[in-house]
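Worksheet: one structure, shown below.
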Amino acid sequence: MSLSRTDRQLAALLRVCALLAAAIVLLILGFLLKESWTLLRQVTWTRFFTDASWHPVAGFYLLTPMLSATLYATLGAVLLAAPLGVASALFSQYYAPPLLAAVYRRLIELLAGIPSVVYGFWGLTNLAPLIGRLHPPGVSLLTGILILTLMILPTVALTADAALAAVPVASIRGSAALGLSRWEFISGVALPTARPGLASGILLAAGRAIGETMAVLMVAGNVAGQPHSLFDPVRTLTANIALEMAYATGGHRAALFVSGLVLMGMVLVLVGLAEWFGKERPHV
Amino acid sequence: MKKWGLVAVLILMIGAAVFLLSKPADTKIDKLVLTGSSTIAPLAAEIGKRFESLHGNARVDVQTGGSSRGISDARAGLADIGMASRALKDDEKDLHSFTIALDGISMILNSANPVAALDKQQIIAIYTGKITRWTEVGGNDAPITVVNKAEGRSTLELFLHYFGLKNTDVKPHVIIGDNQQGIKTVAGNPDAIGYVSVGAAEYEASQGAAIKLLPLDGIAASVATVRDRSFPLSRPLNLLTRNEPTGLAKDFIEFATSPQVHDLIEAQYFVPVPH
Amino acid sequence: MSKNTLATGLVCLAAVLVTSVFVWLLTDLVMHGLPRLSGPFFVEASQNAGRSGGIAPIIVSTALILLVAIVTSAPLGLATAVLLSEFTRPGSLFGRLVRRSLDVLAGVPSIVFGLFGNAFFCLYLGLGFSILSGGLTLACMVLPLLIRTAEQGLQAAPNDYRLAAAALGMSRSAALTHLLLPAAMPALVAALLLAIGRAGAETAALVFTSGYVDRMPDSLLDSGRALSVHIYDLSMNVAGGDANASASALVLIGLLLIINTIAMSLAKQWRIVTL
Chain A
250 MSLSRTDRQL AALLRVCALL AAAIVLLILG FLLKESWTLL RQVTWTRFFT DASWHPVAGF
310 YLLTPMLSAT LYATLGAVLL AAPLGVASAL FSQYYAPPLL AAVYRRLIEL LAGIPSVVYG
370 FWGLTNLAPL IGRLHPPGVS LLTGILILTL MILPTVALTA DAALAAVPVA SIRGSAALGL
430 SRWEFISGVA LPTARPGLAS GILLAAGRAI GETMAVLMVA GNVAGQPHSL FDPVRTLTAN
490 IALEMAYATG GHRAALFVSG LVLMGMVLVL VGLAEWFGKE RPHV
Chain B
20 MKKWGLVAVL ILMIGAAVFL LSKPADTKID KLVLTGSSTI APLAAEIGKR FESLHGNARV
80 DVQTGGSSRG ISDARAGLAD IGMASRALKD DEKDLHSFTI ALDGISMILN SANPVAALDK
140 QQIIAIYTGK ITRWTEVGGN DAPITVVNKA EGRSTLELFL HYFGLKNTDV KPHVIIGDNQ
200 QGIKTVAGNP DAIGYVSVGA AEYEASQGAA IKLLPLDGIA ASVATVRDRS FPLSRPLNLL
260 TRNEPTGLAK DFIEFATSPQ VHDLIEAQYF VPVPH
Chain C
173 MSKNTLATGL VCLAAVLVTS VFVWLLTDLV MHGLPRLSGP FFVEASQNAG RSGGIAPIIV
233 STALILLVAI VTSAPLGLAT AVLLSEFTRP GSLFGRLVRR SLDVLAGVPS IVFGLFGNAF
293 FCLYLGLGFS ILSGGLTLAC MVLPLLIRTA EQGLQAAPND YRLAAAALGM SRSAALTHLL
353 LPAAMPALVA ALLLAIGRAG AETAALVFTS GYVDRMPDSL LDSGRALSVH IYDLSMNVAG
413 GDANASASAL VLIGLLLIIN TIAMSLAKQW RIVTL
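Residue numbers (our numbering), protein chains in the order written: chain A, 250 to 533; chain B, 20 to 294; chain C, 173 to 447.
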């Protein structure tokens with residue numbers, strides 16, 4: 250289909266906008282590289298995975314414990330938030346009467362707007378003592394996972410809700426006409442149709458979990474050691490940057506930016522995985 | 020109809036933005052920028068507000084960033100005055116420092132913990148992981164949760180210096196960033212031990228937080244003992260400048276070190292220093 | 173028990189679980205913060221390091237920061253979403269490149285945005301600690317979220333519309349304005365709301381870009397403390413700030429509730445009129 254002149258102008262304008270949007274991430278990557286360059290030049294990259302510990306002032310730059318912490322925390326949070334979030338969306342779309350659904354949806358929207366600091370604060374004063382009674386110290390990987398789950402749940406729920414709302418009415422009517430039960434419709438028609446939207450929502454939430462800083466800082470314990478159990482205190486890469494950036498100079502500061510690069514690396518892997526899993530299916 | 024409503028809203032927003040972006044050209048505003056320690060920031064902001072009310076066209080902008088930031092910004096001229104919650108090290112003596120208040124550091128325990136005092140050796144042993152259960156110091160049969168401060172904080176450096184430790188010796192179970200996080204962590208865990216600013220701890224304890232302050236070397240930890248200089252572990256809160264202060268910076272520093280702000284200092288649970 | 177009943181049970185259980193945890197959280201906030209909410213709280217400036225007085229300047233700063241973020245990210249985001257949905261072939265390299273870079277952008281940690289925003293907007297572009305810097309940084313942050321949800325919404329618009337428009341000889345732009353955008357409006361509004369919610373909740377990025385100053389801003393170039401930063405300072409840095417921190421959190425949540433309600437009603441009206 251050939252484009253009219255206004256269309257071509259519009260397309261050109263849109264293309265510029267899209268390039269601008271895409272360029273931002275390159276700017277950020279460039280910034281991270283620039284700030285970590287001094288250290289990367291001096292230190293072989295393997296040291297970030299083989300040094301004895303994380304004590305940058307003394308020249309030890311081991312990142313592995315914090316990398317593990319970030320991985321475990323994100324994985325745990327996504328494993329909990331994905332089913333809960335999708336279930337929430339199913340609830341408001343197909344199970345709840347319209348008024349209840351509207352109220353529930355409003356509640357979830359509300360929760361998307363609670364600052365990370367409030368989650369962290371609440372986690373520290375309410376959740377951590379409870380978990381501490383189970384197994385000291387209370388601030389731990391588990392607490393971090395639970396708080397992260399709470400934080401990314403609205404993202405999953407709201408995007409899943411939007412994806413499910415987009416299931417064509419014809420499919421709903423068709424399923425009813427075929428005599429499918431509600432669950433058969435959901436598992437056989439709605440979820441598969443909405444799969445790209447659901448996947449993208451979960452991906453977005455995972456990205457959010459990887460990048461969360463303040464809340465994890467307050468509830469996960471911040472000890473830079475390899476976690477051996479859910480109850481061990483952990484320090485994620487993000488909490489590490491937040492905790493030490495203000496007081497770091499020279500090599501220490503550059504090391505923190507290197508951990509920023511590692512985070513970006515993780516996100517790139519995540520994006521690659523998502524592309525592999527969530528291939529879009531054409532609508533019929 | 021709807022379209023015009025939207026256009027109107029858009030025009031309003033752009034108009035507001037233009038209005039806000041333009042600065043009034045007639046009034047001459049004298050701006051002072053302070054950056055540095057987040058411990059001093061609330062106090063500096065309050066002093067700044069009172070200063071502004073006395074000097075009509077002065078503006079005092081306080082930003083945080085940490086003591087090290089305060090020192091480097093003062094040196095680089097990025098800030099007019101730097102804020103640091105510790106004494107200057109030898110290689111920082113090129114800066115001018117002015118102490119506006121004192122702050123003490125106290126060991127805190129959960130109020131449910133029966134232990135009433137710990138001596139220096141015991142604290143060192145606890146923090147280096149040689150004593151791991153409260154029974155060894157006369158408390159309950161429970162593992163000790165050691166709370167330490169994050170690297171680079173002046174509170175940590177003071178603590179390590181006083182007890183003669185290196186940070187690599189310390190075996191913490193929890194690492195915290197700011198004072199309040201420390202207080203809340205200890206308050207939420209009956210077997211925790213930590214250290215925070217005396218004033219903050221005293222205040223929170225008086226408000227019902229589940230913590231208690233331990234005496235250090237036999238001297239009770241309170242704002243009073245910091246004031247009469249009997250408390251052994253205290254630190255100065257300093258304002259720093261690159262050169263001898265002049266103009267607005269000089270006025271501000273004189274104000275901040277005068278008796279006129281003693282009530283503000285005490286309201287933040289620090290101890291004023293007579294000049 | 174049939175699969176259907178099991179599914180119903182699980183889904184409702186999930187909803188109950190989610191609701192109860194959040195009610196727990198909100199009740200905690202309300203219990204601590206509601207006593208502090210009063211008329212003066214909304215119109216006065218803060219006093220005593222935020223422990224008393226009100227948060228009027230902070231509300232204004234927050235609103236301005238959000239405004240800047242939305243005004244800059246919405247057009248850019250919508251344009252990109254339209255491009256990705258309507259003007260790129262499904263497998264095109266350009267489309268994939270843009271999408272992947274946005275995915276990566278979505279995963280950048282908030283603290284890195286803060287550092288980047290500080291280096292780029294505050295220092296490199298010379299905006300300093302300002303509402304503008306904070307708003308622009310937040311715009312970068314919410315862009316991927318906006319684009320993704322908006323694109324979903326546009327994709328969901330029935331293909332029949334596009335085919336019918338082509339059959340009628342309408343240009344793509346006309347099809348967009350009259351058919352597709354209105355059809356996608358609820359999703360676009362949802363995208364905007366998600367973005368505002370995410371932006372309003374952001375703390376780390378704003379500490380380094382819009383700063384700490386809690387004075388009523390005169391222009392977008394002034395430093396202004398956002399509600400989330402204020403909540404952080406009161407709960408983590410200032411002794412005795414908890415009550416006002418909870419109250420401020422309630423105000424932030426209430427603000428977002430209002431924005432949500434207005435946007436929802438707008439979306440409903442638009443949809444009814446044009447379809």
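We put the beta carbon where it would ideally sit given N, CA and C, even for glycine. Keep in mind it's a predicted model, so treat the numbers as computed, not measured.
Residues bridged to residue 304(A) [DSSP beta-bridge criterion]: Residue 304(A) pairs with 309(A).
According to DSSP, what are the bridge partners of residue 54(B)? Looking at the DSSP output, residue 54(B) bridges to 82(B) and 101(B).
For residue 382(C) versus residue 231(C), is the C-beta distance shorter than 8 Å? Inclusion of residue 382(C) and residue 231(C) in the CB contact set at 8 Å is not warranted, their separation being larger than that value.
Closest to residue 405(C) by CA distance: which of 199(B), 116(B) and 286(B) is it? Selected option, being the one with the closest Cα: 199(B).
What residues in the segment 176–201 of chain C bring their beta carbon closer than 9 Å to a beta carbon of chain A? Answer in chain order: 176, 177, 178, 179, 180, 182, 183, 184, 185, 186, 187, 189, 190, 191, 193, 194, 195, 196, 197, 198, 200 and 201.
Between residue 193(B) and chain A, is any beta-carbon pair separated by less than 8 Å? Cβ-Cβ to chain A under 8 Å: yes for residue 193(B).
Rounded straight-line distance, which links the Cα of residue 318(C) to that of residue 430(A): Going from the Cα of residue 430(A) to the Cα of residue 318(C) covers about 35 Å.
Within chain C, the residues that residue 148(B) reaches when beta carbons sit closer than 7 Å: Residues of chain C passing the Cβ test: none, with the nearest at roughly 28 Å.
If we count the other Cβ atoms within 10 Å of its Cβ and call it buried at 16 or more, is residue 416(C) buried or exposed? Label assigned to residue 416(C): buried.
Grab me the residues of residue 44(B)'s own chain with a C-beta within less than 6 Å of its C-beta, minus the 5 sequence neighbours each way, in chain order. Bear in mind that the predicted position of residue 44(B) carries a pLDDT of just 47, short of 50, making it too unreliable to give a figure here.
Please state whether DSSP places residue 291(A) in a helix, a strand or coil. Here DSSP, grouped into helix, strand and coil, assigns residue 291(A) to helix.
Spatial neighbours of residue 48(B) in its chain, beta-carbon cut-off 6 Å, leaving aside the 5 residues before and after: Correct list, in chain order: 76 and 78.
Per DSSP, the bridge partner or partners of residue 128(B): For residue 128(B), which the question treats as bridged, DSSP gives the partners 212(B) and 231(B).
Neighbour list for residue 279(B) in chain C, Cβ cutoff strictly below 9 Å: Around residue 279(B), no beta-carbon contact reaches into chain C at under 9 Å, the shortest distance being about 16 Å.
According to the Cβ coordinates, are residue 294(C) and residue 288(C) closer than 8 Å? No. Outside cutoff.
In whole angstroms, give me the CA-to-CA distance for residue 530(A) and residue 338(A). Only weak support exists for where residue 530(A) lies, its pLDDT of 45 falling under 50; the value from the coordinates is given anyway. Approximately 21 Å, taken between the alpha carbons.
Report the three-state DSSP secondary structure of residue 279(B) (helix, strand or coil). Three-state result, residue 279(B): helix.
Cβ shell of residue 174(C) (< 8 Å), same chain only, five flanking positions each side left out: None.
List the endpoints of the continuous alpha helix (DSSP H) containing residue 168(B). Run containing residue 168(B): none in the alpha helix (DSSP H); it sits in the beta strand (DSSP E), 164–168.
What residues from the segment 295–326 of chain C come within 8 Å of chain A, judged by C-beta to C-beta, listed N to C? From the segment 295–326 of chain C, only 312, 315, 316, 317, 319, 320, 321, 324 and 325 have a Cβ closer than 8 Å to chain A.
Would you grab the beta carbon distance between residue 466(A) and residue 319(A) for me? Rounded to a whole angstrom, and I think it's under 8 Å. Not a contact, Cβ separation roughly 13 Å.
What residues from the segment 85–100 of chain B come within 8 Å of chain A, judged by C-beta to C-beta, listed N to C? Per Cβ criterion, the list reads 85, 86, 87, 88 and 91.
Considering only residues of the same chain and omitting the five flanking positions on each side of residue 220(B), which have a CB-CB separation below 6 Å? Closer than 6 Å at Cβ, skipping near neighbours: 125, 127 and 232.
Quick check on residue 412(C) - is its C-beta less than 8 Å from some C-beta in chain B? At least one CB atom of chain B sits nearer than 8 Å to the CB of residue 412(C).
With 16 as the cutoff for other CB atoms within 10 Å, does residue 294(B) come out buried or exposed? Within 10 angstroms of the beta-carbon of residue 294(B) lie fewer than 16 other beta-carbons, which makes it exposed.
Please return the same chain residues whose Cβ sits closer than 6 Å to the Cβ of residue 277(C), not counting the five positions on each side in sequence. Counting only Cβ-Cβ distances below 6 Å, and skipping sequence neighbours, we find 316.
Touch test, the segment 365–379 of chain C against the segment 328–344 of chain C, Cβ-Cβ under 8 Å, three pairs minimum: As far as the Cβ criterion goes, the segment 365–379 of chain C does not touch the segment 328–344 of chain C, which means the pair count is below three.
Taking the CB atoms as reference points, tell me whether residue 151(B) and residue 184(B) lie closer together than 8 Å. No.
Alpha carbon to alpha carbon, what distance is there between residue 424(A) and residue 512(A)? The alpha-carbon atoms of residue 512(A) and residue 424(A) are separated by roughly 44 Å.
State yes or no: is the beta carbon of residue 500(A) nearer than 8 Å to at least one beta carbon in chain C? Judged by the 8 Å Cβ criterion, residue 500(A) is not in contact with chain C.
Rounded to whole angstroms, how far is the Cβ of residue 212(B) from the Cβ of residue 163(B), which I believe are closer than 8 Å? Yes, residue 212(B) and residue 163(B) are in contact; Cβ-Cβ is about 6 Å, under 8 Å.
Terminal residues of the beta strand (DSSP E) in which residue 10(B) lies: Any property of residue 10(B) remains undetermined from this structure, which presents chain B solely from 20 to 294.
Which residues in the same chain as residue 418(C) place their Cβ atom closer than 6 Å to its Cβ, once the five residues preceding and following it in sequence are excluded? The answer, listed in chain order, is 201, 204 and 205.
Test item: CB-CB of residue 50(B) and residue 80(B) under 8 Å: Going by C-beta atoms, residue 50(B) is nearer than 8 Å to residue 80(B).
Assigned secondary structure, residue 272(B) (DSSP; H/G/I helix, E/B strand, else coil): Helix at residue 272(B).
Does DSSP put residue 406(A) in a helix, in a strand, or in coil? If DSSP states are grouped into helix, strand and coil, residue 406(A) belongs with the helices.
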